[in-house]
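Per the numbering used here, the sequence shown starts with residue 8, numbered consecutively.
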Amino acid sequence: MGALTASTMTNLLNRSLDLMCWTAAAPLVRNLRNRQLQKQTQEQRDIHRISRLLNRILVAHSDMLS
8 MGALTASTMT NLLNRSLDLM CWTAAAPLVR NLRNRQLQKQ TQEQRDIHRI SRLLNRILVA
68 HSDMLS
């Protein structure tokens, strides 16, 4: 059996969770996916805020870069 890559493991996990959605474990899967979504959303918001802040700093202090 070949080595499992991270992508293969992620796909396997997602498929397993999809199957579990049809069992009594559905509330657990829903909770897990909601937490993952919230984490990703917060990370994207943080990246956006940091990007805006860095752009403002660059505009305000562009003379120091040359």
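Beta carbons are placed, not taken as given, at the ideal position from N, Cα and C, and that holds for glycine. Please read these numbers as outputs of a predicted model, since none were measured by experiment.
Are residue i and residue j closer than 8 Å when you measure CB to CB?
i     : j     : result
Leu44 : Val36 : no
Give me the Cα-Cα distance between residue i and residue j, rounded to the nearest whole angstrom.
i     : j     : result
Met16 : Arg22 : 10 Å
Arg40 : Thr12 : 22 Å
Leu26 : Gln51 : 29 Å
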